[in-house]
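Student: Okay, here's the structure, questions in a sec.
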Amino acid sequence: MVMLWGPRVNDPRATLHCHGFSSTDGEGLAKDDPNHPDEWGVFVGWWPGKYVPTDSCAWLDALVEVGPSPDVFVDAITAQTSTASTPPVRVMLGGYSGVEFDHAVKGDVDITACDRGKFCIHSSLSHECTRWYSSAAERETYRVVDMNGQRGVLWVVQFHESINPDLTREARAVFDSIVFSK
């Protein structure tokens, strides 16, 4: 059982029961692929990401605060250097409107050459990256919603192309089942 938090801490909105998934901090669910050597195969996450770098590789001292607007966050993420995003598509989660888009590394970026070996996507901290890619093979789908002036951010990630497709479908089903109630 995992609590899914609303826009403010201590504002529980839902409880998720997901067989085989684990959570260490209440900000996401992970599941291993037993046939892959890495710790996690897939992850469904949620936290607002207050800071976004313009260059995902050179992000130290360059994390920009984006405020609560969903549109500003989406514009910042989709404009990042060395990333590729699909055009955002309008979606509804419960009674909240938002957008969905896919996000990935563009080209052959050597992530080990990036600041601290992290390809930074967004962060909850102004001085350190808290959501990064450690491999150019990572692929994410984001949903960003406007929750009465506060931004809600959800994503599902596949860490490697070789992850079992059934596991990826299972993570996507968890992602698709998340809605916010008013």
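Per the numbering used here, residue 942 is the first one in the sequence shown, and the count goes up by one each step.
Just so it is clear, CB atoms sit at the ideal spot from N, CA and C, and this is done for glycine as well.
Nothing here was measured: the structure is a model prediction, and the numbers come from that model.
1) Starting from P1106, follow the alpha helix (DSSP H) in both directions and report where the run begins and ends.
2) Considering only residues of the same chain and omitting the five flanking positions on each side of Y1074, which have a CB-CB separation below 7 Å?
3) Count the other CB atoms within 10 Å of the CB of T1122; is the residue buried (16 or more) or exposed (fewer)?
4) So, at 6 Å on beta carbons, what are the nonlocal neighbours of F962 in its own chain, with the 5 sequence-adjacent residues on each side left out?
5) Once DSSP output is grouped into helix, strand and coil, what is the label at V1013?
6) Are the CB atoms of D1056 and W1096 nearer to each other than 7 Å?
7) Keeping to the same chain, check which residues put their C-beta closer than 7 Å to that of S997; ignore five residues upstream and five downstream.
8) Compute the Euclidean distance between the alpha carbons of N1089 and A1054, then round it to the nearest angstrom.
9) Out of E1111, D1012, L1034 and E1041, point me to the one whose CA is closest to S1026's CA.
10) Between the Cα of D1049 and those of R1031, V1098, W987 and S1076, spot the shortest distance and give me the residue it belongs to.
11) Exposed or buried, what is V943 when buried is set at 16 or more other beta-carbons lying within 10 Å of its beta-carbon?
12) Within the same chain, show all residues whose beta-carbon is closer than 6 Å to that of V917, passing over the 5 residues directly before and after it, in chain order.
13) In the DSSP assignment, find the beta strand (DSSP E) that holds G1035 and state where it starts and stops.
14) I'd like to check one pair, V1085 with P1011: are the Cβ atoms closer than 7 Å?
15) Relative to the alpha-carbon of S1038, which residue among G1093, A1112, K991 and V1098 has its alpha-carbon at the smallest distance?
16) Out of curiosity, what's the CA-to-CA distance linking L1066 and T1019?
17) Anyone know if the C-beta pair for I1104 and G967 falls short of 7 Å?
18) In the DSSP assignment, find the unbroken beta strand (DSSP E) run with V1085 in it and report its ends.
19) Is the distance from the Cβ of V1030 to the Cβ of A1112 below 7 Å?
Tutor: So, to answer that:
1) P1106 to S1118
2) V1046, I1052, F1060 and I1062
3) A quick correction: the sequence has Ser, not Thr, at residue 1122. By the 10 Å Cβ count, S1122 comes out exposed.
4) L970 and K972
5) helix
6) no
7) Q1021, T1022, S1023, T1024, F1060, C1061 and I1062
8) 40 Å
9) E1041
10) S1076
11) Because V943 carries a pLDDT of 36, less than 50, the predicted location of this residue cannot be relied on, and no value is offered for it.
12) Residue 917 is absent from the structure shown; the chain starts at 942 and stops at 1123.
13) Element bounds for G1035: n/a, residue is neither H nor E.
14) yes
15) G1093
16) 20 Å
17) no
18) R1080 to M1088
19) no
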